[in-house]
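Student: Residue numbers (this note's numbering): 87 to 399. Heads up, the beta-carbon is just placed ideally off N, CA and C, and yes, glycines get one too.
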Amino acid sequence: MNIIKPNKLKKGDTVGFISPASSPEDSTRIEKTVTYFEKLGYKTEVGKNVGKFNGYLAGTDDERLEDFHSMFKNKNIKALVCLRGGYGVPRLLHRIDYKLIKNNPKIFVGYSDITALQMAIFKKTGLVTFAGPMASVELFKKMPAYSEENFWALITSAKKIGKVPMPGKHKLKTIVKGNAVGTLIGGNLAVFLGIMGTEYLPSFNDSILFFEDVGEVPYRIDRLLSQLRLSKAFTKANGLLLGQFTDCDEKDLDKRTLPLSKVFDDYINNLTIPVINNFPHGHVDIKMPIAYGIKVRLNGNKPEVEYLESGVI
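Rendered as structure tokens:
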């Protein structure tokens with residue numbers, strides 16, 4: 087696969103905002119995000135259909151596709167930032183014009199349900215995309231300095247980040263020792279596996295897999311990890327990086343359950359590839375942005391994560 091990197095974002099460039107999945111409940115967050123970008127010296131354009139609702143979707147499939155395609159067609163738009171996740175992206179994958187994306191590469195930012203779109207884009211075009219803060223989730227408010235600084239460093243500089251710094255006293259945890267280099271793919275675990283078996287999921291071969299999730303109780307995490315194991319993902323990949331699994335403990339004290347840590351132990355401890363846990367990314371305020379499609383190194387002996395190249399040119 088030929089990897090395509092978008093051009094870095096420069097002051098004066100135009101940033102577009104779209105809702106490929108669900109719509110923000112609070113429209114003032116969009117206004118605040120626009121103000122944030124404009125104060126930093128960027129121009130902005132909000133998708134024509136942003137703010138619409140169709141049940142849990144941000145408008146109809148046609149409306150969300152219209153915004154997505156029109157932003158990629160617009161030569162003036164240099165970066166696309168999703169407003170939020172939620173649900174809706176998988177409904178669009180078979181209708182997307184991937185040739186349009188390949189011919190008009192640009193920065194694309196989102197996470198959570200946007201995982202499905204990022205993996206499909208990478209599989210079909212080779213375009214590097216970014217798991218980073220979204221407009222109505224983080225960017226409308228004052229972000230932690232760690233999150234903000236690393237986000238802008240990743241999309242405005244062609245200089246590689248190298249060894250990923252940790253925020254404050256945060257520490258990575260080694261589950262399985264060893265070293266590995268591979269292409270970084272992954273995202274939200276449930277969304278990623280929701281497109282398993284389709285033409286929109288990249289190959290696991292020579293990859294570094296990254297996963298995070300939110301609101302999935304232990305037995306559901308168990309099911310997802312079981313699917314990964316049965317698909318032989320852990321034998322095809324070069325390494326595994328685990329982020330934050332937020333609000334994933336069983337809340338019903340009357341239910342029989344396994345601790346989340348035990349679920350991970352059962353699937354991860356005996357792997358023959360390096361595994362690092364507690365990477366600062368996921369449904370949390372303090373997060374290190376990720377560039378899907380770049381080469382990364384896992385050093386499970388220290389532990390360390392290293393971005394070996396930039397995500398932009």
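(1) Note down the Cα distance separating L327 from L295, rounded to an integer number of angstroms.
(2) What runs of the beta strand (DSSP E), each 3 residues or longer, lie entirely inside the stretch 288 to 362?
(3) For P191, tell me which candidate among T211, L179, Y173, L346 has the shortest Cα-Cα distance.
(4) Where does Y378 land, buried or exposed, given buried means 16+ other C-beta within 10 angstroms?
(5) Answer yes or no: do S108 and Y173 have a C-beta to C-beta separation smaller than 7 angstroms?
(6) If you drop the 5 nearest sequence neighbours on each side, which residues of the same chain put their C-beta closer than 8 angstroms to that of K159?
(7) Can you give the beta carbon distance from R170 to M220, rounded, assuming they're within the 8 angstroms contact cut?
(8) Measure the C-alpha to C-alpha separation of S312 and F278 and round it to an integer number of angstroms.
(9) Is it the case that the Cβ atoms of G368 and Q330 are separated by a distance below 7 angstroms?
(10) Taking K210 as part of the beta strand (DSSP E), name the residues at either end of that continuous run.
(11) Terminal residues of the continuous alpha helix (DSSP H) containing F123?
(12) Any contact between the stretch 255 to 272 and the stretch 353 to 365? By contact I mean 3 or more CB pairs, one from each, below 8 angstroms.
(13) Count the other CB atoms, across all protein chains shown, that sit within 10 Å of the CB of Y142; report buried if there are 16 or more and exposed otherwise.
(14) Exposed or buried, what is E298 when buried is set at 16 or more other beta-carbons lying within 10 Å of its beta-carbon?
(15) On the premise that L213 lies in contact with K188, defined as a C-beta separation below 8 angstroms, what is that separation, rounded to the nearest angstrom?
(16) From the DSSP output, read off the bridge partner residues of E152.
(17) On a CA-only basis, which of L270, V398, L179 is nearest V382? Give me that one, please.
Tutor: The short version:
(1) Straight across, the Cα-Cα distance linking L327 with L295 is about 6 angstroms.
(2) The DSSP assignment places complete beta strand (DSSP E) segments of no fewer than 3 residues inside the stretch 288 to 362 at 293 to 300, 325 to 332, in order along the chain.
(3) Residue T211 is the option with its Cα nearest to P191.
(4) It counts as buried.
(5) Closer than 7 angstroms, so yes.
(6) Excluding sequence neighbours, K159 sits near L186, N190.
(7) Between R170 and M220 the beta-carbon gap is near 5 angstroms, inside 8 angstroms, which marks them as a contact.
(8) Going by C-alpha positions, S312 is about 14 angstroms away from F278.
(9) Between G368 and Q330, the C-beta gap is smaller than 7 angstroms, which places the two residues in contact.
(10) Per DSSP, K210 belongs to no beta strand (DSSP E); it is in the alpha helix (DSSP H), 201 to 211.
(11) F123 -> alpha helix (DSSP H) spans 114 to 125.
(12) Contact between the stretch 255 to 272 and the stretch 353 to 365 is established, with three or more Cβ pairs separated by less than 8 angstroms.
(13) Exposed.
(14) Residue burial annotation: E298 is buried, with at least 16 other C-beta atoms found within 10 angstroms of its C-beta.
(15) Under the criterion of beta carbons closer than 8 angstroms, K188 and L213 qualify as touching, at roughly 7 angstroms.
(16) By DSSP's assignment, E152 forms no beta bridge with any residue.
(17) V382 has its Cα closest to that of L270, out of L270, V398, L179.
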